[in-house]
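Novice: Mind having a look at this structure? Questions to follow.
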């Protein structure tokens, strides 16, 4: 039974190590950025050496370790920190395109090196900026659009700034204006006609009184109204027949 249990634990450990090796975590980061990777190790390996490796064809190439060796030159862009409690943290800053590759946390315990976590890092190249000619063309286009918008400014054209309600009010006011003009013209014509008729009526011959001197029925002495100078001619032969 003990042999079967040990064999099962060994298979689980190998499966875990194989899964870490065969399924690395994929990370993508642009040039100049940073990544932060955390790895969990067993508490019995708290004093074991922790290594951040770059996996090449020949195997693990150690970049930084948890051992403090002041004689060895340090890497200014990679930092490894053992936070304790089974947690290891690795930070890579100011990434470059040549940093693309596979990395991993390795613990050198009593049972030998064990890979805790693998990372497949892809450093993306910088996005090329616009060329000088394109920038100048964009500036010209912007200026041209700005000029066009200035010429087409609705505030400079009252008809362009009018809304649909204002257009509707203007359309409704046009018949009212023409109606008022027509009414005024009719009033003026009526006043002129009335004045002409009144003037003609002031110069008409007016018949007054029954016939006395002529003896002819329907005839009467004539009272002539002529410009405010009435004269009565009782014996005048002129008479105006009543209409």
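Residue numbers (mature numbering (1 follows the signal peptide of the UniProt record, and there is no 0)): -20 to -1, 1 to 223.
Each residue gets a CB set at the ideal place from its N, CA and C atoms; glycine is no exception.
1. Indicate the three-state DSSP secondary structure (helix, strand or coil) for residue -6 in the structure shown.
2. Figure out for me which residue from 90, 32, 4 has the closest Cα to the Cα of residue 57.
3. Against chain D, with Cβ distances strictly below 8 Å, would residue 165 count as a contact?
4. Leaving out five residues on either side along the sequence, give the residues of the same chain with a beta carbon under 6 Å from the beta carbon of residue 69.
5. Quick one: grab the DSSP three-state call for residue 108.
6. Give the range of the beta strand (DSSP E) segment to which residue 20 is assigned.
7. Quick check: what's the CA-CA separation for residue 5 versus residue 20?
8. My understanding is that residue 29 touches residue 88, with C-beta atoms under 8 Å, so please give their C-beta distance in whole angstroms.
9. Relative to the C-alpha of residue 83, which residue among 92, 66, 74, 102 is closest?
10. Where does residue 36 fall in DSSP's three states?
11. Let me check you understand the geometry: is the CB of residue 159 closer than 7 Å to at least one non-hydrogen atom of the ligand ATP?
12. Could you have a look at residue 9 and say whether DSSP puts it in helix, strand or coil?
13. Can you tell me which of 23, 37, 77, 48 puts its alpha carbon nearest to the alpha carbon of residue 9?
14. For residue 94, which residues from the same chain have a beta carbon less than 6 Å from its beta carbon, with the 5 sequence-adjacent residues on both sides left out?
15. Give the single residue among 59, 36, 35, 37 whose Cα lies nearest to the Cα of residue 44.
16. If you count every other CB in all the chains shown that lies within 10 Å of the CB of residue 27, and 16 or more means buried, which is it?
17. Specify the secondary structure class of residue 76 as computed by DSSP and reduced to three states.
Specialist: Put simply:
1. As a position in the chain shown, residue -6 is number 15, starting the count at 1. Summary for residue -6: the model assigns pLDDT 37, below 50, so the residue's position carries little reliability; its value from the coordinates is reported in the next sentence. Judged by DSSP in its simplified three-state form, residue -6 adopts helix.
2. Translated into positions along the chain shown, residue 57 becomes position 77. The candidate whose alpha carbon is nearest that of residue 57 is 32.
3. In the structure shown, chain D does not exist; there is a single protein chain.
4. Residue 69 sits at position 89 when you count from the first residue of the chain shown. So the qualifying residues of the chain are 18, 61, 63.
5. Walking along the chain shown from the start, residue 108 turns up at place 128. Reduced to three states, the DSSP call for residue 108 is coil.
6. Locating residue 20 in the chain shown gives position 40, counting from the first residue. Per DSSP, residue 20 belongs to the beta strand (DSSP E) from 15 to 20.
7. For the purposes of this step, residue 5 is taken as residue 25 along the chain shown, with counting starting at 1. For the purposes of this step, residue 20 is taken as residue 40 along the chain shown, with counting starting at 1. Each residue's CA atom was taken as its position, placing residue 5 and residue 20 some 14 Å apart.
8. In the chain shown, the residue the question calls residue 29 occupies position 49. In the chain shown, the residue the question calls residue 88 occupies position 108. Correct: roughly 4 Å between the Cβ atoms.
9. As a working note, residue 83 is residue 103 in the chain shown. Here the closest residue by C-alpha is 102.
10. Stepping through the chain shown from its first residue, residue 36 is reached at position 56. Note: residue 36 maps to strand in three-state DSSP.
11. Because no ligand of any kind appears in the structure shown, any question about the ligand ATP cannot be addressed here.
12. The residue given as residue 9 occupies position 29 in the chain shown. Residue 9 falls in the strand class under three-state DSSP.
13. For the purposes of this step, residue 9 is taken as the residue at position 29 of the chain shown. That would be 77, whose Cα lies nearest to the Cα of residue 9.
14. Along the chain shown, read from residue 1 onward, the residue named residue 94 stands at position 114. By the criterion of a C-beta distance shorter than 6 Å, residue 94 is surrounded in its chain by 87, once the five residues flanking it on both sides are discounted.
15. Numbered from 1 along the chain shown, position 64 holds the residue referred to as residue 44. The shortest Cα separation from residue 44 among 59, 36, 35, 37 belongs to 59.
16. In the chain shown, counting from the first residue as 1, residue 27 sits at position 47. Residue 27 sits exposed, since fewer than 16 C-beta atoms from the chains shown fall within 10 Å of its C-beta.
17. Numbered from 1 along the chain shown, position 96 holds the residue referred to as residue 76. The answer is coil: DSSP assigns residue 76 none of H, G, I, E or B.
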